[in-house]
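Participant:
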Amino acid sequence: MSGILDFLFRFSSVLWEAMPFVVLGAVVAGILEEFLPQEALTKFLPKAVLPSVMIGAVLGLLFPMCECGIVVVMRRLLRKGLPLSCCIAYMLAGPVINGVVIFSTWVAFKDHKIGPEMVGLRVGLAFVVACVTGLIVQLQFRKYGNALLTASAIPPIKATEPEAAAVPKPREPLMRRLGNISATGLHDFVDIMVFLILGCVLAAVARIYITDEQVKEISTNQPLLAIPAMMFLAVLMCLCSEADAFVAASFTKLHVSGKLAFLVLGPMLDLKLVLMFTRVFRTRLIVTITISVIVLTLILCVGVHLVYEVNDWTGLPPGAG
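Numbering (this note's numbering), first residue to last: 196 to 516.
Here it is in structure tokens:
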């Protein structure tokens, strides 16, 4: 009975933590669908792939969204004509590069005396991972096109100029438009919630069998092994990006590189996100994103670890060394 209660507690904590952001994402998606004109964003993007992907990676500053709700927003932006590579960069970096998460990260590590340092490293690494993954996805898109997307994510076929001019779209009353927003938001919410619930079940099971003491022991005895261990833990725990910095900061004896691995990968890839991806991406694209994000995060965090070791930096709070 105690095991069942523990599972229900952990399941409900993950679910209720994520649900408000899914609702918010569904509402934002409905607003974008109703009020954002087709290709309104794409006409402001540079034609070169790299600059447009870099802009996509910082869209979270304009459309701040937790990873729990960013999938539905990204799908609507994709249907509005935003290039797939930009959407991927926004989906990966948006939950990290936004004002709320930047502030929460600084607050979490302020007492460790490395608040600005952790913010800079987390944002910088997330930006690099998102941009490089976006470029890799662009190469895939050139080869496979919309076959990488599910039917619900493929942008609608644009009408030709004569057809569009011949049949102007009448302006609907405000109440009708609000009804359209509600219908779109409800559709996206129901579409995603099934996979969110399944992801919460898997996360709850994982959090029962993996303890904080086990993570702390690995980080103390095998510091380089702590990086993949924390990446694995981030995928299983399914934490919200607006709160995960406080969890990472609680591992006071964990090396900065391990904390970064947890904070960079978690908002980009976890159990519930992988399941939510299936509503937007085909298997090939999910595998591409997953491998790219994991490999890039591992390489960058190992690089940070080596830089700290060479310079004899600890990054630990006072008294934790």
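Built from N, CA and C at the ideal position, the CB exists for glycine as well.
1) Taking ALA325 as part of the alpha helix (DSSP H), name the residues at either end of that continuous run.
2) Using only CA atoms, which one of PHE427, LEU272 and VAL291 lies nearest to VAL253?
3) Does PHE202 come out as helix, strand or coil in the three-state DSSP assignment?
4) Within the same chain, show all residues whose beta-carbon is closer than 8 angstroms to that of ILE392, passing over the 5 residues directly before and after it, in chain order.
5) Considering only residues of the region 442-488, which uninterrupted alpha helix (DSSP H) runs meet the minimum length of 4 residues and lie entirely inside it, listed in chain order?
6) What is the rounded straight-line gap between the Cα of PHE261 and the Cα of LEU419?
7) Find the nearest neighbour of ALA440 within the set VAL499, LEU455, LEU373 and LEU464, judged by alpha-carbon distance.
8) So, at 6 angstroms on beta carbons, what are the nonlocal neighbours of GLY310 in its own chain, with the 5 sequence-adjacent residues on each side left out?
9) If you count every other CB in all the chains shown that lies within 10 Å of the CB of MET370, and 16 or more means buried, which is it?
10) Put ALA360 into one of helix, strand or coil per three-state DSSP.
11) Does LEU257 come out as helix, strand or coil in the three-state DSSP assignment?
12) Would you mind sorting ASN341 into buried or exposed? The rule is 16 or more other CB atoms within 10 Å of its CB.
13) Quick check: what's the CA-CA separation for VAL396 versus VAL323?
14) Select from TYR339, PHE457 and HIS450 the residue whose C-alpha is nearest the C-alpha of ASN416.
15) When you compare each of SER452, ALA443, VAL482 and GLU437 to LEU501 by their alpha carbons, which one comes out closest?
16) Take TRP508 as the anchor and find which of GLU312, PHE258, LYS242 and LEU277 has the nearest alpha-carbon.
17) Going by C-alpha distance, which of CYS433, SER197 and VAL318 is nearest VAL295?
18) Give me the Cα-Cα distance between LEU320 and PRO350, rounded to the nearest whole angstrom.
19) Can you check whether the CB of VAL400 is closer than 9 angstroms to the CB of MET269?
20) State the Cα-Cα distance for the pair SER247 and CYS281, rounded to the nearest angstrom.
21) Can you have a look at GLU229 and say buried or exposed, based on whether 16 or more other CB atoms are within 10 angstroms of its CB?
22) Can you find the residues in the same chain that come closer than 8 angstroms, C-beta to C-beta, to GLU504, ignoring five residues on each side of it along the sequence?
23) Does DSSP put LEU277 in a helix, a strand or coil?
24) Please report the residue range of the alpha helix (DSSP H) in which PRO290 lies.
25) Under 8 angstroms by Cβ, that's how I've got LEU344 and ARG479 pegged, so tell me the actual separation to the nearest angstrom.
26) By the 10 Å Cβ neighbour count, where 16 or more other Cβ atoms means buried, how is ASN506 classified, buried or exposed?
27) Tell me which residue opens and which closes the alpha helix (DSSP H) that ILE250 is part of.
28) So what does LEU344 bridge to, in DSSP terms?
29) According to DSSP, is THR355 helix, strand or coil?
30) Quick check on this structure: which residue in LEU458, SER347, LEU277 and ALA346 has the alpha carbon closest to the alpha carbon of PRO241?
31) Could you tell me the alpha carbon to alpha carbon distance between CYS433 and VAL332, rounded to whole angstroms?
Facilitator: So, to answer that:
1) That run of the alpha helix (DSSP H) goes 310-339.
2) Cα-wise, what sits closest to VAL253 is VAL291.
3) It is helical.
4) Within its own chain, the residues whose Cβ lies closer than 8 angstroms to the Cβ of ILE392, once the five positions on either side in sequence are excluded, are LEU210, listed in chain order.
5) The alpha helix (DSSP H) runs lying completely inside the region 442-488 and spanning 4 residues or more are 451-460 and 466-472, given in chain order.
6) The residue you asked about is not Phe; residue 261 is Cys in the sequence shown. As the crow flies, the alpha-carbon of CYS261 is around 29 angstroms from that of LEU419.
7) For the residues VAL499, LEU455, LEU373 and LEU464, the minimum Cα distance to ALA440 belongs to LEU455.
8) Closer than 6 angstroms at Cβ, skipping near neighbours: TRP301 and PHE304.
9) Taking a 10 Å sphere around the C-beta of MET370, we find fewer than 16 other C-beta atoms and assign the residue as exposed.
10) Residue confidence for ALA360 is low, a pLDDT of 47 falling below 50, so the modelled location carries little weight; the figure read from the coordinates is stated next. It is helical.
11) Correct three-state label for LEU257: coil.
12) Under the 10 Å beta carbon count, ASN341 is surrounded by fewer than 16 other beta carbons and is classified as exposed.
13) Each residue's alpha carbon lies about 31 angstroms from the other.
14) Among TYR339, PHE457 and HIS450, the Cα nearest to that of ASN416 is on HIS450.
15) Comparing alpha-carbon positions, the option among SER452, ALA443, VAL482 and GLU437 lying closest to LEU501 turns out to be SER452.
16) Nearest of GLU312, PHE258, LYS242 and LEU277 to TRP508, Cα basis: GLU312.
17) VAL295 has its Cα closest to that of VAL318, out of CYS433, SER197 and VAL318.
18) In a straight line, the C-alpha of LEU320 is about 30 angstroms away from that of PRO350.
19) Not closer than 9 angstroms, so no.
20) When the Cα atoms are used, SER247 and CYS281 turn out to be separated by approximately 6 angstroms.
21) So GLU229 counts as buried.
22) For GLU504, where only same-chain residues beyond five positions count, there are no Cβ hits under 8 angstroms.
23) Here DSSP, grouped into helix, strand and coil, assigns LEU277 to coil.
24) No alpha helix (DSSP H) contains PRO290, which DSSP labels as neither H nor E.
25) The C-beta distance from LEU344 to ARG479 rounds to 10 angstroms, too long to meet the 8 angstroms contact threshold.
26) When all chains shown are included, ASN506 counts as exposed.
27) That run of the alpha helix (DSSP H) goes 244-252.
28) Note: LEU344 sits in a beta bridge opposite PHE476.
29) Reliability fails at THR355, whose pLDDT of 47 lies under 50, so the model's placement of it is uncertain and the value that follows must be treated cautiously. Secondary structure at THR355: coil, using DSSP grouped into helix, strand and coil.
30) Measuring from the Cα of PRO241, the nearest candidate turns out to be LEU277.
31) Each residue's alpha carbon lies about 24 angstroms from the other.
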